[in-house]
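**Student:**
Chains as they are written, first to last, in my numbering: chain A, 1 to 373; chain B, 374 to 746.
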């Protein structure tokens with residue numbers, strides 16, 4: 001194996017695939033990046049056995065790729081990334097020097113790193129499933145970021161660590177819940193298939209960071225795996241087994257009280273009230289809302305109390321008193337991104353709905369909590 | 374106790390004194406800030422029993438301080454800082470509401486926080502020792518930052534966790550060593566006293582972050598404690614007992630080989646070579662220097678090897694081969710701050726001297742290590 005390539009191109013490609021590498025991988029070879037030079041291109045593979053990434057670098061004018069000899073090697077991910085970053089030269093040369101010892105050089109600097117033969121690397125099946133749909137990377141990122149925070153990280157209910165992605169009647173839905181709150185975002189897409197799968201939120205968040213805002217992403221899915229195609233890259237992830245609850249039927253339609261207000265005002269008030277935490281670190285925030293007064297308060301035996309008034313708000317319906325997790329509401333408001341928040345209450349001990357005013361595509365549902373004051 | 378003050382002034386004062394608070398303080402009251410309103414001023418005290426900070430806020434045009442009632446309270450440091458920061462108002466009002474429950478309010482927000490009586494707070498003696506000298510805050514920061522990194526954090530040799538500060542014949546010296554390297558910085562000051570004490574490097578680094586670059590600092594010292602006076606603040610710290618080695622006599626004066634080169638070039642080369650670490654995480658870097666060639670290399674059984682050539686350097690004396698900790702040399706170069714580095718070698722297994730060219734006030738000494746290749 002022997003090739004030369006632009007440092008920038010090589011580093012960016014290595015950096016993207018390396019995100020699949022986990023520090024605590026069960027298989028030693030998986031701490032490496034598999035580099036294969038064949039078919040006049042570089043093929044990079046990295047995996048933690050849950051997520052696998054495959055990327056191709058083809059020769060073009062920009063990347064100055066020159067292949068002298070085909071071959072393959074696995075190099076420790078953190079070594080090759082660091083070396084390529086540190087070498088002070090616009091091009092990098094990689095050559096298997098002796099056995100698996102790999103020479104990486106550029107400028108006045110030459111590294112020789114112990115590699116591992118690709119025969120030690122697990123075979124990963126990147127074959128493409130049949131069902132698929134397309135979405136812009138920008139929209140995909142939004143759907144991920146605006147839902148995945150509502151999952152739980154408790155391993156005892158695996159399906160709630162994932163985001164449920166469905167396509168039904170051309171409506172794409174991302175839904176996530178930790179059973180005390182729900183985040184749900186929908187979008188109309190071009191797809192005739194009916195699709196329903198659960199993918200770990202942690203994987204989705206990694207994917208959101210890798211994909212380029214301006215590209216289009218094709219998502220292909222089977223019973224076992226999902227693949228994200230964009231540019232010359234495939235990101236593949238295992239699915240979570242199980243049946244996700246039908247989240248649509250949780251969302252109430254008839255409301256007793258509806259308020260609208262500036263999201264920044266509300267976020268700041270929640271943030272201040274959330275400062276009062278109980279001994280287990282939870283902040284319970286209370287709303288007391290009527291036509292004349294909107295009081296945000298909190299109280300804990302250990303720390304003390306807070307009380308403040310929100311001056312500017314619109315109100316319709318009946319007065320209400322309700323207590324809930326301050327963290328849940330502030331995360332919902334942040335996810336919505338809009339400047340005007342509408343909160344719709346079904347009743348004192350019923351879940352309430354948080355939405356951007358006039359936007360029904362993004363819905364956040366929060367369960368209230370009982371307090372003894 | 375009841376007063377009103379500008380949020381900005383109050384927050385900055387709290388933030389500065391709070392740096393003395395340790396998360397793991399042996400005395401519960403020491404997690405708080407003591408607030409005393411007396412003599413028409415606010416007196417703030419915080420301490421972790423090693424370091425104590427005392428600050429006075431007097432009424433002036435900017436800070437809008439109005440005192441309604443004298444009194445005192447101790448409030449949990451992280452609570453009061455967070456509350457004052459979060460309140461959305463230019464002025465903050467603080468009032469003991471009921472017993473030790475303290476009301477902190479501003480704008481539409483009101484917090485009530487459980488305080489502790491000042492009788493639970495340890496008495497701290499801030500009386501001023503007799504011997505003292507003055508130095509600009511800017512110079513003090515440099516002396517701290519350019520020496521304290523060379524201390525050790527191993528508790529088994531307490532004096533080596535500290536910086537030795539001496540005044541002798543009007544020369545102020547900061548010296549620190551972990552027994553494998555030495556950092557030493559001197560400056561001429563106006564002081565007739567002979568002074569010699571050891572202060573923990575960790576405390577000095579905290580002080581460097583608190584003091585304002587433009588102020589002057591007076592340092593007063595006794596057998597037991599040292600005080601740093603600047604503006605309306607006193608930072609007081611315990612000393613480390615023991616006799617510090619006379620570091621001046623370690624520094625060689627006759628050299629076999631002297632090189633000078635660009636500090637950035639050397640730093641980058643050391644950084645690349647330091648990438649090759651042995652299994653215990655140490656990077657041993659080798660120099661091989663002659664009139665015609667300057668090779669920087671490194672090698673480890675586990676990872677591999679690196680080799681690079683430095684092209685631009687000046688050289689006088691005899692050829693030399695020497696191995697040393699890459700971390701020590703790069704920390705010394707960074708501490709020196711200059712763009713031209715002069716390294717003077719006494720011999721292959723002798724400590725070498727790192728200095729900015731033509732600057733004898735800042736000296737770094739590094740012990741070489743034996744390698745078996």
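For each residue, glycine too, the CB sits at the ideal point set by N, CA and C.
Using 10 angstroms around the beta-carbon of residue 314 of chain A, count the other beta-carbons present and answer buried if the total reaches 16, otherwise exposed.
**Tutor:** As a working note, residue 314 of chain A is residue 314 in the first chain. Exposed.
**Student:** Which runs of the beta strand (DSSP E) fall wholly inside the region 27 to 92 of chain A and span at least 3 residues, in chain order?
**Tutor:** 32 to 38, 41 to 47, 51 to 58, 66 to 69, 71 to 76
**Student:** According to DSSP, residue 317 of chain A sits in a beta bridge with which residue or residues?
**Tutor:** Taking the first chain and counting its residues from 1, one reaches residue 317 of chain A at position 317. BP columns for residue 317 of chain A point to A/257.
**Student:** I'd like to check one pair, residue 48 of chain A with residue 21 of chain A: are the Cβ atoms closer than 9 angstroms?
**Tutor:** As a position in the first chain, residue 21 of chain A is number 21, starting the count at 1. As a position in the first chain, residue 48 of chain A is number 48, starting the count at 1. In this structure, residue 21 of chain A lies near residue 48 of chain A, with their beta-carbon atoms less than 9 angstroms apart.
**Student:** Examine chain A for any beta-carbon lying closer than 9 angstroms to the beta-carbon of residue 645 of chain B, and answer yes or no.
**Tutor:** If you number the second chain from 1, residue 645 of chain B lands on position 272. Answer yes: the Cβ-Cβ gap between residue 645 of chain B and chain A drops below 9 angstroms somewhere.
**Student:** So, helix, strand or coil for residue 250 of chain A, using DSSP?
**Tutor:** Locating residue 250 of chain A in the first chain gives position 250, where the first residue counts as 1. Of the three classes helix, strand and coil, the one that applies to residue 250 of chain A here is helix, per DSSP.
**Student:** Alpha carbon to alpha carbon, how far is residue 469 of chain B from residue 319 of chain A? Give it in angstroms, no decimals.
**Tutor:** As a working note, residue 319 of chain A is residue 319 in the first chain. As a working note, residue 469 of chain B is residue 96 in the second chain. Here the alpha carbon of residue 319 of chain A sits roughly 33 angstroms from the alpha carbon of residue 469 of chain B.
**Student:** Can we say the region 292 to 303 of chain A touches the region 143 to 162 of chain A, given the rule of at least three CB pairs closer than 8 angstroms?
**Tutor:** no
**Student:** Per DSSP, residue 554 of chain B forms a beta bridge with which residues?
**Tutor:** Position 181 of the second chain, counted from the first residue, corresponds to residue 554 of chain B. Beta-bridge pairing links residue 554 of chain B to B/739.
**Student:** So the alpha helix (DSSP H) residue 264 of chain A belongs to, where does it begin and stop?
**Tutor:** Your numbering for residue 264 of chain A matches position 264 in the first chain. Unbroken alpha helix (DSSP H) run through residue 264 of chain A: 263 to 274.
**Student:** How about residue 482 of chain B: is its C-beta nearer than 9 angstroms to some C-beta of chain A?
**Tutor:** Sequence index remark: in the second chain, residue 482 of chain B carries index 109 (1-based). At least one chain A Cβ lies under 9 angstroms of residue 482 of chain B.
**Student:** Look at residue 71 of chain A and residue 36 of chain A and say whether their C-beta atoms are less than 9 angstroms apart.
**Tutor:** Stepping through the first chain from its first residue, residue 71 of chain A is reached at position 71. Stepping through the first chain from its first residue, residue 36 of chain A is reached at position 36. Yes, the pair counts as a contact, with Cβ atoms nearer than the cut-off.
**Student:** Closer than 9 angstroms, CB to CB, is residue 681 of chain B near chain A or not?
**Tutor:** In the second chain, residue 681 of chain B corresponds to position 308, counting from 1. At least one CB atom of chain A sits nearer than 9 angstroms to the CB of residue 681 of chain B.
**Student:** Run the CB neighbour count on residue 301 of chain A, radius 10 Å, all protein chains shown included, and call it buried at 16 or more, exposed below.
**Tutor:** Position 301 of the first chain, counted from the first residue, corresponds to residue 301 of chain A. So residue 301 of chain A counts as exposed.
**Student:** Quick check: residue 108 of chain A and residue 213 of chain A, are their CB atoms within less than 9 angstroms of each other?
**Tutor:** In the first chain, residue 108 of chain A corresponds to position 108, counting from 1. In the first chain, residue 213 of chain A corresponds to position 213, counting from 1. Judged by their CB atoms, residue 108 of chain A and residue 213 of chain A are not nearer to each other than the 9 angstroms cut-off.
**Student:** Which value, in whole angstroms, describes the spacing of the CA atoms of residue 447 of chain B and residue 435 of chain B?
**Tutor:** Looking up residue 447 of chain B in the second chain gives position 74. Looking up residue 435 of chain B in the second chain gives position 62. Roughly 25 angstroms between the two C-alpha positions.
**Student:** Alpha carbon to alpha carbon, how far is residue 4 of chain A from residue 103 of chain A? Give it in angstroms, no decimals.
**Tutor:** As a first step, residue 103 of chain A is located in the first chain; it is residue number 103 there, counting from the start. As a first step, residue 4 of chain A is located in the first chain; it is residue number 4 there, counting from the start. The straight-line gap from Cα to Cα measures roughly 12 angstroms.
**Student:** Using the C-alpha atoms, what's the distance from residue 337 of chain A back to residue 560 of chain B?
**Tutor:** Locating residue 560 of chain B in the second chain gives position 187, counting from the first residue. Locating residue 337 of chain A in the first chain gives position 337, counting from the first residue. Answer to the nearest angstrom: the Cα atoms are 56 angstroms apart.
**Student:** Less than 8 angstroms between the CB atoms is what I'm expecting for residue 86 of chain A and residue 645 of chain B, so what's the real figure, rounded?
**Tutor:** The residue you call residue 86 of chain A lines up with position 86 of the first chain. The residue you call residue 645 of chain B lines up with position 272 of the second chain. The C-beta separation of residue 86 of chain A from residue 645 of chain B comes to about 5 angstroms, placing the pair in contact by the 8 angstroms criterion.
**Student:** Taking 8 angstroms as the line, does the beta carbon of residue 668 of chain B fall inside it for any heavy atom of the ligand MG?
**Tutor:** The model on display carries no ligand, and the ligand MG is accordingly not part of it.
**Student:** Which residues of the region 292 to 308 of chain A have a Cβ closer than 7 angstroms to any Cβ of chain B? Give them in chain order.
**Tutor:** 303, 304, 305, 306, 307, 308
**Student:** Which full runs of the alpha helix (DSSP H) of 4+ residues lie inside the region 190 to 246 of chain A, going along the chain?
**Tutor:** 201 to 210
**Student:** Which residues does DSSP list as the beta-bridge partners of residue 535 of chain B?
**Tutor:** Taking the first residue of the second chain as 1, we reach residue 535 of chain B at position 162. Per DSSP, B/573.
**Student:** Where do the N-terminal and C-terminal ends of the alpha helix (DSSP H) with residue 389 of chain B fall, by residue?
**Tutor:** Translated into the one-based positions of the second chain, residue 389 of chain B becomes position 16. First-last of the alpha helix (DSSP H) with residue 389 of chain B: 380 to 391.
**Student:** Can you tell me which of the three DSSP states residue 518 of chain B falls into?
**Tutor:** What you label residue 518 of chain B is simply residue 145 of the second chain in a count that begins at 1. Reduced to three states, the DSSP call for residue 518 of chain B is helix.
**Student:** How many angstroms separate the CA atom of residue 407 of chain B from the CA atom of residue 386 of chain B?
**Tutor:** Here residue 407 of chain B corresponds to residue number 34 of the second chain, with the count starting at 1. Here residue 386 of chain B corresponds to residue number 13 of the second chain, with the count starting at 1. Each residue's Cα considered, the two are about 12 angstroms apart.
**Student:** Need the endpoints of the beta strand (DSSP E) that residue 341 of chain A sits in, please.
**Tutor:** Mapped onto the first chain, residue 341 of chain A falls at position 341. First-last of the beta strand (DSSP E) with residue 341 of chain A: 340 to 345.
**Student:** Quick check on residue 79 of chain A: buried or exposed, where buried means 16 or more other Cβ atoms within 10 Å of its Cβ?
**Tutor:** To locate residue 79 of chain A, count along the first chain from 1; it is residue 79. By the 10 Å Cβ count, residue 79 of chain A comes out buried.
**Student:** Use the C-beta contact count for residue 503 of chain B: other C-beta atoms within 10 angstroms, 16 or more gives buried, fewer gives exposed.
**Tutor:** By one-based count along the second chain, residue 503 of chain B stands at place 130. Residue 503 of chain B should be labelled exposed.
**Student:** What residues in the region 453 to 469 of chain B have a beta carbon less than 8 angstroms from any beta carbon of chain A?
**Tutor:** Cβ contacts with chain A: 455, 456, 459, 460, 461.
**Student:** Residues of the region 310 to 325 of chain A in Cβ contact with chain B at a cutoff of 8 angstroms, in chain order, please.
**Tutor:** So the list reads 310, 311, given in the order they occur along the chain.
**Student:** Specify, as a first and last residue, the run of the alpha helix (DSSP H) that residue 330 of chain A falls within.
**Tutor:** For the purposes of this step, residue 330 of chain A is taken as residue 330 along the first chain, with counting starting at 1. 326 to 336 is the extent of the alpha helix (DSSP H) around residue 330 of chain A.
**Student:** Examine the Cβ distances between the region 628 to 642 of chain B and the region 711 to 722 of chain B and report whether three or more of them are shorter than 8 angstroms.
**Tutor:** Verdict: yes, contact present.
**Student:** Residue 152 of chain A by DSSP, collapsed to three states: which one?
**Tutor:** In the first chain, residue 152 of chain A corresponds to position 152, counting from 1. In the structure shown, residue 152 of chain A sits in coil (DSSP, three-state: anything other than H, G, I, E or B).
**Student:** Return the bridge partner residues of residue 136 of chain A from the DSSP annotation.
**Tutor:** Taking the first residue of the first chain as position 1, residue 136 of chain A is located at position 136. Looking at the DSSP assignment, residue 136 of chain A forms a beta bridge with A/216.
**Student:** Considering Cα atoms alone, identify which of B/676, B/601, B/658 is closest to residue 513 of chain B.
**Tutor:** Along the second chain, one-based indexing puts residue 513 of chain B at 140. The shortest C-alpha separation from residue 513 of chain B is found at B/601.
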